[in-house]
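Everything below concerns the one structure shown next.
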Amino acid sequence: MLEVKDLKVAAENGPVILDGVSLDVEEGEIVAVVGPNGSGKSTLAKTIMGCSGYEVLEGDVLLDGESVIDLPIHERARRGLTLAWQDPARFEGLTVGEYVSVGAKDEEWAKECLYRVGLDPKEYWDRECGENLSGGERKRVELAAVMAMKPRVAVLDEPDAGIDMASMKDLGEIIKTIKDEGAAVLLITHNRDLVEDVADRAYLMLKGEIVDEGDPKRVVQHCLVCGGTEPCPVD
Amino acid sequence: MSGGLNVDDVFAPTGFHASPDAPRIVVIEDKVVNVKEAEGLEISSETEDGTVRAELRVLPGYEFEEPVHFCVGIPWERGVQRIITRIIVEEGASISLMSHCSFPRAEDVLHEMEAEIILHKDSSLKVTDVHYHGENGVRLRAVYDVDVGPGAEYDSSFKITRGRIGEMEWISRMRVDEGGVVRADAAMKAVDEDVVDVEEVVRLVGENARASLEFKAAAIDGAEVNVVGEISGEADGVRGHVECSEIIKGDGRVSSVPKLRVSHPGARLTHEAALGTIERKEVETLMARGLTEEEAVDLLVEAMLRG
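Chains as they are written, first to last, in this note's numbering: chain A, 71 to 305; chain B, 198 to 504.
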C-alpha cells in the first residue's frame, strides 16, 4: 500500500538526513519506525507527506504502486495519505470543530471522531485550537482530524510525545481505531510500550538508515541510546 | 425594487437580508432608492450635484433592538458615489446600524463617504459595517468624525474579508467625553494590488472615558496594509488600549503603528502588536487534510480575522 524506496533526503541547503531508506506498510497493518532522537524519523514522516524544508535527492514514495513523490501535499492527501504532526499547529482563531471537519465527510462524523479520541464535542467543538488547549488535548484533536479523513495510510509522527501517562493508556486504542476505520498506519515513535502494544511490524532507524526490521518485541530490544549495538541496560 | 434593480441582490454578497419591517435607507450610486422611518427615528435625504446628503436622527429616549439598515452601493461596473451623512443619537437613545456597502461588479468605482456622528449624553450607537468590493476592488475614501457625549457608547465594527479591496483610505476621528466609551474593531483582507491605509484616532477628553481599538489585517501576495491606531489620554482616569494583529503571505506588506499620547498623569494607555507571516506548518497541516494551498490560506486568514 505505502512503499518507500531508497529514499535519500537532505535538509534544504543542509546535510543528508535520510540515506537510502526503504520500508513498506501493507493494508491493515500498523508498522512502527523506532529510533533515537535525531535518527531521521520525523524527516521520513514529512518527506512521505511532501512537506517543505527537505530536498529529495534520490528514491521514491509509492501509494498503491504509483509514485507520489512529485505530487503536492493536498494531492497526496486526496489519494488517501495523511500525517499527524508531532507538534500540532495552533491555528489562531480556528475552532476544533472547523479543523476536524476539514477532511471529514460531514459534521456528524467529525463529532464522532472527537468522541473516539476522548473529547466531548459539546465541550470542545467551539473551542479554539490555539492557546486554550493543553498539549495532550491538541494531540487528541490532531488524531481526530486524521481519523475524520478516513485515510488509507496514516503517518503518525510521535503521537505519544508530550502526553501524560494517563493519556498514554488510551493512545494505543485510538491508533487501533484509526486502523479499524480502514487505515494502514505508519507509527513513528520511540516508545517501546506503545510499539509492543499496537505494532504488527517494526523498523529500527539509526542515523538516517534502516538497520533492522521485524517483530516489534525483538526490534525494540535494541537500546535506542547506544545505537542498537547492545541489549538495552535500562530495561 | 427600483427601476428593475433588486436591492437584496446588490447587497447579498455582504450578508444583507432585508427584513421587510426594518427601518432603512438604501442608496444606489447617487440616488436614495428606499427610505423607511420608524417612530423615534427620523431620516431625511437629498441629492445635490451628485452628492447624497442623509441625516438620521434618533429622538431622545428611543431604543431600537432591531438594527436599522444603512446600505449603499453601485451595482454596475463604473460609477461615483459621494455620501455625506450625519447621524445624531439624542440623549438616552439607543440604536444599531447594519451598514452594507456593496460594489459587486466594480471595475472603475469611486466611493466617498463623510460621516459626522454625534452621540448625546447616555446614548449608544453600534455600527456594523460590512463591505464587498467585488473581484477588482474600488477606490474608497472615508472620513468619520465622531463625538461621544458623557456616558455615551460607540461601538464600531468594520469588515472586508471577501474579494478585493482596491485602494482604501479610511480616517476616523473620535472624541470621547466624561464616562464615554469607544470600542472599534476592523478586520481586513487585502490581496494582490490592494493598498489599505487606515487611521483611527481617539481623544479621551473627559474623566474616566475609555477606548479600545482593535485591528486585524492580512496582506497577501503584493497587497499593502498600513494601520495607525492612536489614543490620546487627556483627563483623569481615562483608559485606552490599542491592539494590532497583522499577517502577511508572499510579498504582502504591513505596517502597524500603535500611538499613545498622554497629557494627564491619571491616564493609562496600553498597546499590543503582533506582526507575522502565515505559518507554513499550519498551511501544510491543512493541505495534509486535502485542502489546496489557496484554500488553506483562505481558511487561516478567515479564522485569524475573526478570532
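Every residue gets a Cβ at the ideal spot worked out from N, C-alpha and C, and that includes glycine.
Note that this is a predicted model, so its numbers are computed, not measured.
In angstroms, rounded to a whole number, what distance separates the CA positions of residue i and residue j?
| i | j | result |
| --- | --- | --- |
| THR248/B | SER453/B | 33 angstroms |
| HIS468/B | TYR124/A | 39 angstroms |
| ALA384/B | TYR329/B | 13 angstroms |
| HIS461/B | ASP433/B | 6 angstroms |
| LEU153/A | GLU350/B | 49 angstroms |
| VAL232/B | ARG221/B | 5 angstroms |
| ALA493/B | GLY487/B | 9 angstroms |
| LYS75/A | GLY200/A | 37 angstroms |
| THR81/A | LEU276/A | For clarity, residue 81/A is Ala in the given sequence; the question names Thr instead. Taking the straight line joining both Cα atoms gives about 17 angstroms. |
| MET310/B | LEU203/A | 43 angstroms |
| ASP196/A | ASP285/A | 43 angstroms |
| THR282/B | ARG275/B | 22 angstroms |
| ASP94/A | GLY129/A | 14 angstroms |
| GLU303/B | GLU226/B | Before going further, note that residue 303/B is Ala rather than Glu in the sequence given. Approximately 12 angstroms, taken between the alpha carbons. |
| PRO217/B | GLU313/B | 28 angstroms |
| VAL255/A | ILE444/B | 36 angstroms |
| GLY150/A | LYS220/A | 8 angstroms |
| GLU476/B | SER242/B | 49 angstroms |
| ASP234/A | GLY206/A | 7 angstroms |
| ARG361/B | ARG279/B | 20 angstroms |
| VAL208/A | ALA485/B | The question names Val, but residue 208/A in the sequence shown is Arg. Approximately 17 angstroms between the Cα atoms of the pair. |
| PRO106/A | GLY278/A | 11 angstroms |
| TYR169/A | ASP270/A | 30 angstroms |
| ASP190/A | VAL91/A | 40 angstroms |
| PRO301/A | GLN291/A | Reliability fails at PRO301/A, whose pLDDT of 46 lies under 50, so the model's placement of it is uncertain and the value that follows must be treated cautiously. Looking at the two C-alpha atoms, the distance is approximately 6 angstroms. |
| MET198/B | THR244/B | Annotation note: pLDDT 40 at MET198/B (below 50); position unreliable, no value reported. |
| VAL104/A | VAL424/B | 50 angstroms |
| GLY200/B | LYS228/B | For GLY200/B, the predicted structure reports a pLDDT of 44, less than 50, and the residue's modelled location is therefore unreliable. The matter cannot be settled from this model. |
| GLU268/B | VAL223/B | Before going further, note that residue 268/B is Cys rather than Glu in the sequence given. In a straight line, the C-alpha of CYS268/B is about 5 angstroms away from that of VAL223/B. |
| LEU241/A | PRO229/A | 8 angstroms |
| GLY188/A | MET217/A | 13 angstroms |
| ALA214/A | LEU184/A | 5 angstroms |
| LEU506/B | ARG400/B | Since the displayed chain B opens at 198 and closes at 504, residue 506/B lies outside it and no answer follows. |
| GLU236/B | GLU260/B | 10 angstroms |
| ARG458/B | GLY430/B | 6 angstroms |
| VAL393/B | LEU264/A | 53 angstroms |
| ARG262/A | LEU77/A | 25 angstroms |
| ASN333/B | VAL281/A | 58 angstroms |
| GLU178/A | TYR194/A | 14 angstroms |
Take residue i as the anchor and find which of the options has the nearest alpha-carbon.
| i | options | result |
| --- | --- | --- |
| PRO174/A | LEU483/B, LEU502/B and GLU491/B | Going by the sequence as given, residue 174/A is Ala instead of Pro. Among LEU483/B, LEU502/B and GLU491/B, the Cα nearest to that of ALA174/A is on LEU483/B. |
| PRO142/A | GLY430/B, LYS356/B and VAL480/B | VAL480/B |
| LEU132/A | HIS144/A, MET71/A, TYR169/A and LYS209/A | MET71/A |
| GLY270/B | GLY258/B, ILE240/B and PRO301/B | PRO301/B |
| ARG465/B | HIS438/B, PRO347/B and GLU443/B | HIS438/B |
| VAL166/A | ARG146/A, LYS192/A, ALA147/A and HIS144/A | LYS192/A |
| LYS116/A | ASP270/A, ASN261/A, ASP227/A and VAL290/A | ASP227/A |
| ALA219/B | ALA420/B, ARG503/B and PRO264/B | PRO264/B |
| ASN83/A | GLY98/A, LEU127/A, GLU162/A and ILE100/A | LEU127/A |
| SER45/A | ILE87/A, THR247/A and ILE100/A | The structure shown does not extend to residue 45/A, since chain A is modelled only from 71 to 305, so the question has no answer here. |
| GLU366/B | PHE412/B, ILE357/B, ALA290/B and VAL395/B | VAL395/B |
| CYS441/B | VAL255/B, GLY447/B and VAL451/B | VAL451/B |
| ILE315/B | VAL277/B, VAL345/B and GLY258/B | VAL345/B |
| TYR341/B | HIS317/B, SER369/B, GLU332/B and SER354/B | SER369/B |
| VAL422/B | GLY463/B, GLY430/B, VAL498/B and LYS413/B | LYS413/B |
| CYS121/A | ILE280/A, ASP134/A, GLY108/A and VAL138/A | VAL138/A |
| ALA403/B | PRO272/B, VAL379/B and GLU390/B | A small correction: the amino acid at residue 403/B is Gly; Ala does not occupy that position in the sequence shown. GLY403/B has its Cα closest to that of VAL379/B, out of PRO272/B, VAL379/B and GLU390/B. |
| VAL268/A | GLU283/A, ILE245/A, ARG222/A and ILE280/A | ILE245/A |
| GLU266/A | GLU96/A, ALA102/A and PRO85/A | ALA102/A |
| GLU506/B | GLU490/B, ALA500/B and VAL306/B | Nothing in the structure corresponds to residue 506/B, since chain B is present only between 198 and 504. |
Below 8 angstroms, how does it come out for the segment 274-294 of chain B and the segment 318-329 of chain B: are there three or more Cβ pairs, yes or no? With three or more CB-CB distances shorter than 8 angstroms, the segment 274-294 of chain B counts as touching the segment 318-329 of chain B.
Counting Cβ pairs, one atom from each stretch, are 3 or more of them under 8 angstroms apart for the segment 156-166 of chain A and the segment 391-408 of chain B? No, because fewer than three Cβ pairs between the segment 156-166 of chain A and the segment 391-408 of chain B fall closer than 8 angstroms, the two stretches do not touch.
Threshold first: 4 residues or longer. Then list the alpha helix (DSSP H) segments lying entirely within the segment 270-349 of chain B, N to C. Fully enclosed alpha helix (DSSP H) runs of 4 or longer: not present.
Near-chain A residues of the segment 485-496 of chain B - C-beta to any C-beta below 9 angstroms: Correct list: ALA485, ARG486, GLY487, LEU488, THR489, GLU490, GLU492, ALA493 and LEU496.
Select from the segment 109-135 of chain A all residues with a C-beta closer than 9 angstroms to any C-beta belonging to chain B, and list them in chain order. Within the segment 109-135 of chain A, the qualifying residues are LYS116, MET119, GLY120, CYS121, SER122 and GLY123.
Where the segment 219-246 of chain A meets chain B: residues whose CB sits under 7 angstroms from a CB there: Flagged, chain order: MET219.
List, from N- to C-terminal side, the beta strand (DSSP E) runs of 3 residues or more that fit wholly inside the segment 112-161 of chain A. DSSP runs (the beta strand (DSSP E)) wholly in the segment 112-161 of chain A: 124-133 and 151-154.
Whole runs of the beta strand (DSSP E) within the segment 420-449 of chain B, excluding any shorter than 3 residues: Taking only runs of at least 3 residues, the beta strand (DSSP E) segments lying wholly in the segment 420-449 of chain B are 421-430 and 436-446.
Residues, ordered as in the chain, of the segment 380-397 of chain B that lie near chain A by beta-carbon distance below 9 angstroms: Those residues of the segment 380-397 of chain B that come within reach of chain A (Cβ to Cβ, closer than 9 angstroms) do not exist; the list is empty.
Closer than 8 angstroms between beta carbons: that is the criterion. Which residues of the segment 257-273 of chain A meet it against chain B? So the list is empty, because no residue satisfies the distance condition.
At 3 residues or longer, and completely inside the segment 346-380 of chain B: list those beta strand (DSSP E) runs for me, N to C. Counting whole runs of 3 or more residues, the segment 346-380 of chain B contains the beta strand (DSSP E) stretches 350-357 and 363-373.
Beta strand (DSSP E) runs wholly inside the segment 380-420 of chain B, at least 3 long, in chain order: Qualifying beta strand (DSSP E) stretches, in chain order: 392-401 and 407-417.
List in chain order: all unbroken alpha helix (DSSP H) runs of 4+ residues lying wholly within the segment 169-253 of chain A. As for any alpha helix (DSSP H) of minimum length 4 sitting wholly inside the segment 169-253 of chain A, the runs are 177-186, 191-194, 205-218 and 235-250, ordered along the chain.
Contact set between the segment 466-484 of chain B and chain A, restricted to residues whose Cβ is under 8 angstroms from the partner: Answer set for the segment 466-484 of chain B: GLU476, ARG477, LYS478, GLU479, GLU481, THR482, LEU483 and MET484.
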